[in-house]
Structure formats: C-alpha cells, structure tokens
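Residue numbers (this note's numbering), protein chains in the order written: chain A, 1 to 392; chain B, 393 to 595.
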C-alpha cells in the first residue's frame, strides 16, 4: 500500500507549532539537536529536510512522538500561543487551561477525522461591534440570535447543550483554576471551542457560556480568557457581558416573570430573587443586577443583600426544595478526557484504526488509563452480548 | 489445555513493546518469569521512555524496567540505520496505517536483528502481517505459556500471574489463547477481568 510522506513544509510547520506549544525557544530546540538556530529556523520553514534522528530528538523534547508529527490526520493548530499572546503568558493557570482546551480539541478533531465523522456547524452570522451604544447592540444581537434559534422569549435551560447541539460549538466543561471562568477560541479547521470551569456552579457556567457566545457573535477570530474578576475595560468585554445577560435573561421575559413573582409584594425579597434566578438558570447576583439594569428595582439592591447577609445556598434549597438544580457531571469533569472522546477513542480502537499507543498519545493518557476507558466502553462485549445494531 | 508458546528457539532475541512490558510488570512475578525464560529480552528506547512517562501517574513500570536492566535481565536498545528507515515508514502516513513510536520501533528493531517482536496490539499485528510476513511476532501469552516459565512458577503461581496481568494490567488476550487463559485462572476469576470479552466473563 502506498503511504503518503508528509511534505517538508508541513513537518516544519508542525514542529514549529509543537515547539511553541511547549514554550521552548528556537535556541533551546536547536541546542537539543545540535544544530544552529538558523538551521532549526530553516527546518521549521520547510527549507531544510529534518533528519530522522533529529526528528526523534525533537519529538522527545516537545513531549510528543514522531508518529504524532508525521501522521496525516494529526491536528496542529497554534491555539496555546494564541492565548499566550493575550499578554498574560506568565500565568501558569492560564497556560494549563489553554493547553487543556487545545489538547481536548485536537484529540476530538483527529478522532473525528480518523472515523470520518463530520461535525455539523451552524454558527450564526457574525455581528461586528459597531460605533455607538455597545450594550444596545448586544441586546439587539442577542434578541436576533434568539429568533434565529427559534427560542423566542423562553429561558435557556441548558446553555451547554444549546451551544453544542444547536450551534455545533465544541464545549468542554472541565475543572480548571477557580480564577478562570472560561476560554474561547475559533479556528477555521477546528471551529468554535469553549472551555467552561466545572468548579463553578452551573449558573455561573451558564453566564460564562453566554459571555463566550457573545465573543462568537462579535469577535470570533480573537481568542479570549474570561477571568472571574475581569473588568469591563474594553468595548468587546462590555459587549460580551451585555450579550450574555440579554441572551440568558431577555428583557421582556424578565419583566414578565418579575411581575408574576413579585405580584402583590411591597419589597423584593430573597425568595423572589431565588425564584427568578432559578427560572432563568443564572446566579442570584446576575439576576438582581439584571433587574437593576432593567430598572425593576433600584440600583444597589444586590449590594444591599450582600451587606445584609447575602442570599445563601441553604436559603435557596429551602425555597426550591426538589427543584434545586443538580450539579451533574462534576466527577466526570475531573477526568482527563470527556465521555464523547472516550466513545470516539473506543470506536477507533474497535475498528483497528488507531493502536493503543496512538490513542494513549492522542488522549494524553498512559496505557493503563486508556485500557480502563476502553474496558468501560465495553467495546469487545458489544456484539457478543447481542446488542441492537444501529442503522448504517 | 495446552498452549504452544511461539518462543521455541532459546537463541532468538525477543523485543517487547510497552503493552507487553506493562502486562509482565502487572503479573507481580516479572523477575521470576524473565529468569525462567531462556531468551534474551530487549525493549527499545521509545518503550523505556513511555514507561518513564508513566511515573507522572504513579506507575512503577519504569522502576521495574530499571531494576531488570540492572540485573541484566533486559537490555534497552537503540535502532541502527536500517531500523530507523523501517521505523520512519511505520510512523509516517495515514493514522490507520501507522503506529506510535514504541510499537513502530519494536517492529523495526526486530526486523533489523531478525528477532521476535512481542506486541499485544491487534493493529500492530495486522500491519506486521501485511508488510512483514516473515517477521516472527508474539504476545505476552507466549511468554507466560512458555514451558520454562510454567515449570519455574508452578500452576498456582502461573495462574496468579496471568490473573494479575488481566486484572491489574487489563491485558488483552487474543482469541486463540482465550481457552488456555480461562482454563488456567478459572471461570470465577475470569469473570472479574473486564479486559476479557463479555462472553468469556459470563461463561
């Protein structure tokens, strides 16, 4: 069987991306294979063919394999450097989160490519930020997207599913540093990708997802890291925050629900806030700030609650009882891979498309962890158990 | 039930892949097993590196390898020029037709030195059969089912070793060896081994 040799330029490009992802300088990489920096540069530009022994040494230096560098379907996209260029390259937590997102996306896309799966994308049209009132534009764009999705004015109960299934965004909910709410990146080959913090409550994640959705609409070609203490110091951030609020808590519906829930009351109580926040699946703070923004209560209401003991989770449980949202998947979010990745890996292994060594490398697992995943998916038992076959 | 090990020439060099190294380490009797085996055993550098990377997850494969190397039971070997050429052809191309470095280097070294490549990997075995029909290949069971190993460990300890490889190491077993494995460890212990097919576990 004829095998395709990757061309020198592709290999050079992959080597550059692998080097940049590991944060190794050209000088250090050159020293690692005993060549001049100019030679390494020529290799990365595809002007000088790399020798096999040099390739093995660089693969080791970049914590990858020669196969990962030469395999046709390998995905090499410079996501990590894009996040580093945001100006906080010394932040270890950011770097770890960026690597995690890059590793998950690369693994998923490569496994899809190997299995011949084409992920459906249905991104809404871009709406670049215009001069003028950025919040008004965000409100308008959020309403437009709601209509485009056929949501009308209904609350969004599960934003992650909506992003994944209705828009085709790759969303990963994993445990990352608590100071980071989420990451967003877009690439022509990979599509739109988000990483949301599983350590944050579900309501908080929805807001992070809404914010990142705002970036998908307005500035999708710029990578973004959302911090918990991020200030609105740019029009882009003001837009993304306003978009998230407008998308998750649409004006008309909030007004309507507010009127229903507070009917006959003379004060805005903790109970009202808990019920409203639950109705929209957002945090109590986000809900109060939204009703402040819509002039349904006076400015400073949230600050008053904070100064007077806040609104606690215990109080929320007392009000909501069985309606308290369950925090699903926390245990899964601590694992190094996702359930979908596990299924894709198991299928590629079952079909004999990827070896154990290749899969372990793609998923950044060791062999025993990979074997556990394959065993859990029970690939070998499937047919023997006489399970129903899916249509071709 | 008899199981004929393919390692019938004591002078043949045996090159083990990471999968085999992990399985043998999981047996709990790796030193005794290798002592009982008359053949020289080698692993390529890429396999040693992969085991070394397992330290991050608290795996003891690298320590076990280093102990065996120090005791003269295993050699860590490097590809020569003919091997590198073969290695490169096994790692470049489409995903379905290539292998990871450890698997590829194991095959390449075995070809270069007319050795037996031990790989517990269906895809690697398929590629070997398609491209290198003359290459002698085997798997972990070929070591465990070797007469010398059986004689040294005795039935009970051999059964424990195979069970440990399955249970701790999640060893994969080829269909042709399935009956030997289940007869040795018994249905009750086979039922605990999730790496065995469901049909075998529920016998």
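Virtual Cβ for every residue (Gly too), placed ideally from N, Cα, C.
- Excluding residues up to 5 positions away in sequence, 438, 483 lie with their Cβ nearer than 7 angstroms to the Cβ of residue 493 of chain B in the same chain.
- For residue 170 of chain A, the uninterrupted beta strand (DSSP E) run begins and ends at 170 to 174, by DSSP.
- For residue 458 of chain B, the enclosing alpha helix (DSSP H) starts and ends at 453 to 462.
- Pairing residue 161 of chain A with residue 153 of chain A, the inter-Cα distance amounts to about 18 angstroms.
- DSSP places residue 184 of chain A in the strand class (E or B) of the three-state scheme.
- For residue 197 of chain A, no alpha helix (DSSP H) segment is defined; the enclosing uninterrupted segment is the beta strand (DSSP E) at 191 to 197.
- Bounds of the alpha helix (DSSP H) holding residue 427 of chain B are 422 to 428.
- Rounded to the nearest whole angstrom, the CA to CA distance from residue 517 of chain B to residue 155 of chain A is 54 angstroms.
- Here residue 487 of chain B is buried. Its C-beta has 16 or more other C-beta atoms within 10 Å.
- Cβ neighbours of residue 415 of chain B within its own chain (closer than 7 angstroms, five residues either side excluded): 512, 532, 557, 561, 563.
- Contact with chain A is absent for residue 460 of chain B, since none of that chain's Cβ atoms lies less than 8 angstroms from the residue's Cβ.
- Contact note: residue 358 of chain A reaches chain B through 487, 490, 491, 492, 495, 515, using a C-beta cutoff of 9 angstroms and chain order.
- For the set A/226, A/195, A/187, the Cα lying nearest the Cα of residue 220 of chain A is the one of A/187.
- Residues 453, 454 of the same chain have their beta carbon placed closer than 7 angstroms to that of residue 446 of chain B, with the five preceding and five following residues left out of the count.
- For residue 433 of chain B, the beta-bridge partners assigned by DSSP are B/406, B/466.
- At least one beta carbon of chain B lies nearer than 8 angstroms to the beta carbon of residue 375 of chain A.
- The region 23 to 42 of chain A makes no contact with the region 63 to 78 of chain A; the number of CB pairs closer than 8 angstroms stays below 3.
- In the same chain as residue 505 of chain B, and ignoring 5 residues on each side of it, the C-beta atoms closer than 7 angstroms to its own belong to 405, in chain order.
- Inter-segment contact for the region 176 to 183 of chain A and the region 91 to 99 of chain A is present: three or more beta-carbon pairs are separated by less than 8 angstroms.
- Comparing alpha-carbon positions, the option among A/290, A/53, A/16, A/82 lying closest to residue 243 of chain A turns out to be A/290.
- Leaving aside the five residues that flank residue 86 of chain A on each side, the residues in its chain whose CB is nearer than 7 angstroms to its CB run, in chain order, 223, 225.
- Rounded to the nearest angstrom, the gap between the Cα atoms of residue 460 of chain B and residue 528 of chain B is 24 angstroms.
- Taking a C-beta distance under 8 angstroms as the contact criterion, residue 442 of chain B and residue 480 of chain B do not qualify as a contact pair.
- Listed in chain order, the positions of the region 343 to 356 of chain A with a beta carbon within less than 7 angstroms of a beta carbon of chain B are 352, 353, 354, 355, 356.
- Of all residues in the region 549 to 580 of chain B, only 560, 561, 562, 563, 564 place a beta-carbon less than 9 angstroms from a beta-carbon of chain A.
- Taken through DSSP and simplified to helix, strand or coil, residue 353 of chain A comes out as coil.
- Inter-residue distance for residue 265 of chain A and residue 258 of chain A is about 11 angstroms (C-alpha atoms, whole angstroms).
- The C-beta distance from residue 471 of chain B to residue 497 of chain B rounds to 6 angstroms, short enough to fall under 8 angstroms.
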